[in-house]
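Novice: If you use this note's numbering, the sequence shown corresponds to residues 12 to 146, in order. Provided herewith is a single structure, encoded as structure tokens, for subsequent inquiry.
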Amino acid sequence: MSYQALPFAIKRRLVRGKSPKTPVRKDEFMYRNKSFIVRMTSDELANLDNKIKRTGMSREQYIRTLCKNKIPVEIPPADYHALIREVRAVGNNMHQIAYKAQSMGLLDVPMYKRNAELVTALADKLTAVCLPRGS
């Protein structure tokens with residue numbers, strides 16, 4: 012079966028009557044033809060797989076990241092994005108209050124303090140949610 016006969020084949024634009032040449036990439040993945048074997052106990056492998064699962068990487072990506080002397084970053088929890096949205100909304104409110112106070116020469120101190128306390132509370136929540144859980 013030829014490539015063109017496939018129903019999902021990608022149509023290429025012709026350049027001077029011919030299909031364009033595929034550029035040759037010389038990235039590091041093109042040269043990854045070496046492998047090695049590491050022997051582990053089932054506990055060690057389970058620990059490694061648990062760490063890899065928390066980062067969302069493959070085993071190969073995880074090992075390459077460690078070899079580059081970098082610390083793999085865990086995927087943030089689901090609550091993280093909702094909390095970030097709340098912090099941004101409160102920050103926007105504080106910006107509007109500061110703008111209003113500057114333009115009118117007034118300052119709504121109780122409202123400003125309340126929003127400042129909300130930002131502090133949300134920052135504490137973010138810290139609690141995003142701290143690494145027990146290893």
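Using N, Cα and C, we set each Cβ at its ideal position, and we do this for glycine too.
Does the beta-carbon distance from Pro-83 to Val-140 come in below 8 Å?
Specialist: no
Novice: Does Gly-116 have its Cβ less than 8 Å from a Cβ in chain C?
Specialist: Looking for chain C here will not work: only one protein chain is present.
Novice: What's the C-alpha gap between Gly-145 and Leu-77?
Specialist: Only weak support is given to the placement of Gly-145: the predicted model assigns it a pLDDT of 45, under 50, and the value that follows is read from those uncertain coordinates. Going by the C-alpha atoms only, they are around 20 Å apart.
Novice: Under 8 Å between the Cβ atoms of Thr-66 and Ile-48?
Specialist: no
Novice: Exposed or buried, what is Asn-80 when buried is set at 16 or more other beta-carbons lying within 10 Å of its beta-carbon?
Specialist: It counts as exposed.
Novice: Comparing C-alpha positions only, which one of Ala-132, Val-130, Glu-71 sits nearest to Lys-45?
Specialist: The residue with the shortest Cα to Cα distance from Lys-45 is Glu-71.
Novice: For the region 92 to 101 against the region 110 to 117, do three or more pairs of beta-carbon atoms, one drawn from each stretch, fall closer than 8 Å, so that the two count as touching?
Specialist: no
Novice: How close, in whole Å, do the beta carbons of Leu-129 and Leu-94 come, if the pair is a contact with beta carbons under 8 Å?
Specialist: So it is not a contact: roughly 12 Å between Cβ atoms.
Novice: If I measure Cβ to Cβ from Asn-148 and keep anything under 6 Å in the same chain, skipping five residues before and after, which residues do I get?
Specialist: Residue 148 is absent from the structure shown; the chain starts at 12 and stops at 146.
Novice: What's the C-alpha gap between Lys-62 and Ile-108?
Specialist: Inter-residue distance for Lys-62 and Ile-108 is about 44 Å (C-alpha atoms, whole angstroms).
Novice: What residue from Thr-52, Ala-112, Asp-90 has the CA that sits closest to Leu-137's CA?
Specialist: Asp-90
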